[in-house]
Amino acid sequence: MADLRRFLCRLVTLFRSSRADDGLDREVAAHLALLEDEHRKRGLSVEAARQAARLALGGVDQTKELHRDARSFRWVDNARRDVVYAFRMIRRTPVASTAAVLSLALGVGLNAAIFAVVDWVVVRPLPYVQPHQLVRVRVQPSSAQGSTTAAGLLTPGEFARLSQVTSFRSAAAFSTALRVVGAAGTDPLHAVVARVDGDLFGTLGLQPVLGRSFSPDERSGVSVVVLAYRHWQRQFQGNPAVLGRTLTIDGQPQTIVGVMSPSGEYPADADVWRPLTSAERQDRDRDLVMIARLAEGVSSAKANAELSTLASGQTSFGGRLPWTEDLQRSEAGDVRIALGAVAASGILILLIVCGNVAALLGARGSDRATELGVRAALGATRARLITQIVTEGMALVAIGTMAGLVLGTWALKFLLSLAPPGIPRLSEIVLDWRIIGLGIALTLVIGVLVGVPPALRLSRRGGAVSTPGRRATRRSGTRRGLVFAQVTMAVVLTAGAGLLGRSLTRLVAINNGFAVDRLGAVDLSVRGAVGDLRPLFRDLTAAVESIPDVRGAAFAMQLPTQIAGLRTQVRLNGGSPSPVTATLRPVGARYFEVLDVPIIAGRVFAGTDGQRAPAVAIVNQRFVRDILGGAPAVGTQLAASLLKEPVLVVGVVGDLTPAGEGDRPALYVPIDQVSVGGRMFLLVRSRAELAAITPVLSARVRSIAPNLASDRVVRVADALEQSRAATRFSMQLVTGFAILALLLSVVGVYGMAARDVTVRWRELAVRLALGASHRRALWTIVMPAAAIIGAGAVSGAAIAATVAPSFASLFPGVNARDPITLLVAPLILVVTGLAATSMASARVFRADPAETLRAE
Amino acid sequence: MPPSGENERIDLLPGTLELIVLRTLTMMGPQHAYGIAARVEQVAPGPFRLNQGTLYPALVRLEQKGWIKGKWQTTESNREARYYAITKSGTAALADQMERWARSAALVNTLLTSEGE
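So the protein lines, in turn, are chains A and B. So in our numbering, spot 737 of the first sequence is number 737, and the numbers just go up one at a time. So in our numbering, spot 39 of the second sequence is number 39, and the numbers just go up one at a time.
Structure (structure tokens):
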């Protein structure tokens with residue numbers, strides 16, 4: 001009871017320290033007065049009485065210290081005083097402290113943002129019930145085993161067999177396609193439709209917000225659909241009366257039975273889900289993505305064993321092996337590597353920052369050796385001195401971290417705005433308490449790392465007077481180590497940025513085979529339309545071409561960014577007996593003109609190549625090379641599967657090489673002479689920016705064909721960009737990091753040189769006085785710095801050469817050990833480093849030896 | 001702590017000062033720190049000089065435990081001083097603590113003086 005009371009009193013006193021001190025002062029003064037009275041009575045003089053009184057008390061300050069010890073928790077009190085002191089020190093050296101706080105803020109902010117993303121994509125569980133049980137099932141040739149980039153898709157038949165294994169509690173498979181969906185009273189829209197086999201929602205544990213999901217008998221192919229929340233909002237404005245209404249998918253009527261909850265929709269881009277029809281279940285297309293939920297207590301390895309036993313017993317798998325992989329890992333996919341590079345860069349930056357802060361604190365500590373010596377002489381224990389110095393470091397780091405977390409929220413927004421598509425559930429990422437907790441933990445670690453070594457060193461020296469020369473040598477030893485490490489890390493980052501940059505330049509500079517500038521495409525699906533579509537295509541082309549800002553328009557079945565397409569067997573008339581494979585590309589008459597594809601020989605299509613005119617075709621250069629063996633193409637007669645009659649080749653055009661991809665042998669035929677349907681693109685070359693004409697374009701299309709969904713107008717440049725989005729993202733980030741690392745390490749180098757000059761000022765003065773030239777004196781500063789920078793540059797290049805190959809997939813087309821990059825990156829550091837050193841040591845030239853020595 | 005010139009000086013065992021203060025206050029009634037020190041030095045047999053500053057931690061501890069209570073008053077010599085009085089729980093604690101001390105002292109004495117059998 002008494003002990004508890006005392007504890008509470010001590011706690012309360014913590015916050016009333018000054019009041020307690022006042023009371024104590026008064027009491028001690030009274031005590032001394034009484035003692036003095038007593039001694040005066042014994043006949044001592046005023047002065048002697050005062051001295052005797054103090055002696056009897058045992059020292060006023062000692063008494064107060066004892067009292068403080070007893071009345072409160074001493075360490076808290078100390079800590080508070082250390083913090084106040086630390087902030088005073090920070091204010092006293094504003095420039096250095098600001099530099100330290102800013103670098104910390106940058107380092108912590110960047111890392112907080114990066115780790116928020118990494119955490120979200122890699123660590124945080126998927127928003128499903130017991131997400132660790134969810135696996136992606138891939139079927140792949142055993143040679144591709146373990147590859148997460150290969151699709152590993154299944155046929156419906158394979159899914160039916162694999163979903164039976166006992167390791168799975170439930171399983172589902174799906175494929176997605178862009179379709180046109182319509183409903184009475186709404187504009188037709190493009191939507192991603194997922195065809196689902198098995199119990200997808202049950203496997204994931206998803207519930208509808210409205211209506212229901214598919215019932216078991218509906219799963220076997222009844223015409224029902226479930227809408228994604230997003231799509232429900234987009235097409236039906238969230239109208240709850242949507243249940244039971246009819247939705248057409250490419251003209252096929254389906255009944256809406258439910259709306260899914262907005263969180264955890266899977267696959268993430270699906271707008272509409274429908275069960276696989278029984279006809280579709282019979283086909284042998286390998287296009288299903290399979291997921292499964294492992295049964296209770298079954299490991300992924302056990303499931304793999306069961307799956308491979310099953311597959312090896314059945315010839316229908318044809319040597320392909322099914323295997324499972326954690327769904328989250330699978331979802332993160334390629335992004336993991338990019339994120340890994342980004343995270344590694346972030347950590348390097350943080351290390352460089354720590355180097356700078358440690359150097360700063362160390363330098364400040366050296367300057368304060370005298371002060372600490374005095375404190376030690378006055379009775380401060382070593383532990384006390386260490387806590388004080390560490391507290392100062394911590395205070396600095398704490399301010400830096402707080403600023404960093406603020407910066408981190410901005411950095412995160414920036415990061416997300418750059419991010420390539422493919423990071424799952426990107427918009428939901430925020431800096432949450434776990435990240436902030438991580439920041440605080442980081443603070444503690446950095447604080448101890450940068451604070452404790454100088455504290456130990458300084459406190460060990462204690463009150464002893466040490467020779468400045470020796471101290472300087474030891475100090476600069478550590479500092480040089482830090483600068484060496486910083487230069488190394490900066491070189492690694494610069495090299496990384498260089499590799500990514502080279503890769504990107506290569507991709508951008510590539511000749512695509514067509515002009516991408518101001519080229520747009522209206523995505524038009526005519527699936528489900530009946531009759532001859534050729535008049536419609538002609539009308540649409542004419543309507544779009546009548547827009548003043550449109551230079552030309554032409555239909556095609558694919559964007560020019562896509563090489564693969566309809567495969568056709570070509571037979572040369574009177575030539576090779578065995579057919580060869582080529583890609584068939586039905587295109588509008590002005591296709592080559594609109595795309596700016598070069599004409600190598602002959603002519604392009606004309607309006608006269610109509611339905612009743614002789615059948616003609618144009619081939620690409622690859623066709624000439626691979627199929628005709630380089631023989632002149634114009635005038636050749638060809639027969640091809642998919643074409644009713646033989647065609648006469650009238651021209652040769654250049655290859656399409658989007659983003660550097662090689663073209664396939666291709667056979668272009670006029671859209672007027674073949675029958676096409678399905679998904680079509682109306683390619684449009686405009687004079688103005690595409691965004692400016694998009695509304696007119698859609699309106700024009702709608703006026704001709706109100707039943708077609710004209711909501712998707714794509715920039716071909718964007719489609720092209722997608723292939724290098726990941727590289728661009730990584731490059732922008734890593735370049736940013738490299739610049740940051742460069743700046744920070746230049747600060748470090750500058751600091752080192754400046755400190756060298758200060759510490760060795762007297763020595764330099766002596767040298768100058770003894771007749772050394774300024775140039776010679778400068779040399780003694782620059783030389784050792786150059787040696788460190790050089791060593792750092794070399795080790796950085798070595799590390800970059802070692803590490804780069806593991807990130808090779810990030811910079812396609814560039815040798816991971818690209819010699820130019822590995823030469824230039826260290827060179828940049830050496831040049832900037834030397835520049836910083838020279839700047840820092842330039843003041844040697846202003847040195848007046850006489851004055852310096854007189855001051856000693 | 002400043003080194004003491006008196007070699008024969010005796011230090012109090014830790015914790016005993018509080019006991020002594022409580023006892024002094026019971027005997028003399030409310031008293032200020034100097035008064036307590038003077039009384040202890042006066043009563044103590046032989047060369048015992050209290051480092052008077054060490055009273056303060058003991059006083060603050062006792063006060064925080066609620067065993068004594070301090071109050072500002074004026075001395076006979078018309079100076080102000082903080083007078084400490086023992087509280088009811090202090091009196092109870094003193095009896096308890098004295099009991100304990102006696103037993104502990106007796107134990108130590110026995111152990112130190114007992115002859116080997």
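Positions of the beta carbon are idealized from the N, C-alpha and C atoms, including for glycine.
- Taking 9 angstroms as the cut-off, the beta carbon of A:G107 is found closer than this to the beta carbon of A:V353.
- Residues of chain A whose Cβ lies closer than 9 angstroms to the Cβ of B:W67 are, in chain order, A2.
- If you look at A:P267, you'll find it isn't in any beta strand (DSSP E); DSSP assigns it neither H nor E.
- Per DSSP, reduced to three states, the secondary structure at B:P14 is coil, with no helix or strand assignment.
- Across the set A:I347, A:L204 and A:Q51, the C-alpha of A:Q51 shows the shortest separation from the C-alpha of A:L35.
- Residue environment analysis places A:F729 among the buried positions, since at least 16 neighbouring C-beta atoms fall within 10 angstroms of its C-beta.
- Under the Cβ distance rule, A:L350 does not count among the residues neighbouring chain B, no pair being separated by less than 9 angstroms.
- With the rule of 3 Cβ pairs closer than 8 angstroms, the segment 595 to 606 of chain A counts as touching the segment 644 to 661 of chain A.
- Per DSSP, reduced to three states, the secondary structure at B:D96 is helical.
- Taking 9 angstroms as the cut-off, the beta carbon of A:P665 is found no closer than this to the beta carbon of A:R603.
- A:D326: member of the beta strand (DSSP E) spanning R320 to D326, first to last residue.
- Of A:A301, A:S299 and A:P322, the smallest CA-CA separation from A:L310 is found for A:P322.
- Counting the other CB atoms within 10 Å of its CB gives A:T541 a total of 16 or more, which places it among the buried residues.
- In terms of beta-carbon proximity, B:P57 lines the interface with chain A, with at least one pair separated by less than 9 angstroms.
- Contact between A:A785 and A:M489 does not hold, since their C-beta atoms are separated by about 17 angstroms, which reaches or exceeds 8 angstroms.
- A:L499 sits away from A:A359, with the two beta carbons spaced by 9 angstroms or more.
- Taking C-alpha positions only, A:S809 is separated from A:T494 by approximately 18 angstroms.
- Here DSSP, grouped into helix, strand and coil, assigns A:D197 to strand.
- Taking the Cα positions, A:A295 is about 5 angstroms away from A:S167.
- Short of 6 angstroms from the beta carbon of A:S698, and not among the five residues preceding or following it, lie these beta carbons of its own chain, in chain order: S710.
- Taking the beta carbon of B:G53 as reference, the chain A residues within 7 angstroms of it are L57, G58, G59, Q62, T63 and L66, listed in sequence order.
- Here the segment 796 to 807 of chain A does not lie against the segment 441 to 454 of chain A, with fewer than 3 beta-carbon pairs under 8 angstroms apart.
- The alpha carbon of A:P535 has as its nearest neighbour, out of A:V676, A:R480, A:A564 and A:T583, the alpha carbon of A:V676.
- Going by DSSP, A:S312 is part of the alpha helix (DSSP H) stretching over S300 to S312.
- Around the Cβ of A:A606, a 10 Å sphere holds fewer than 16 other Cβ atoms; the residue is exposed.
- The C-alpha of A:G771 is placed about 14 angstroms away from the C-alpha of A:L853.
- For A:W75, the enclosing alpha helix (DSSP H) covers residues R74 to R92.
- At least one beta carbon of chain B lies nearer than 9 angstroms to the beta carbon of A:L35.
- With a threshold of 9 angstroms between beta carbons, A:A70 makes contact with chain B.
- Residue environment for A:I627: buried (at least 16 other C-beta atoms within 10 angstroms of its C-beta).
- Membership of A:M1 in any beta strand (DSSP E) is not indicated, and neither H nor E is assigned to it by DSSP.
- Here the segment 41 to 55 of chain A does not lie against the segment 36 to 46 of chain B, with fewer than 3 beta-carbon pairs under 8 angstroms apart.
- Contact check for A:Q558 against A:R585 passes: the beta carbons are separated by less than 9 angstroms.
- Of the candidates A:L768, A:R368, A:G157 and A:F201, A:F201 places its Cα closest to the Cα of A:S170.
- The beta-carbon distance between A:L247 and A:V225, rounded to whole angstroms, is 6 angstroms. This is short enough to meet the 8 angstroms contact definition.
- If you check the CB distance, A:A556 and A:G588 come in under 9 angstroms.
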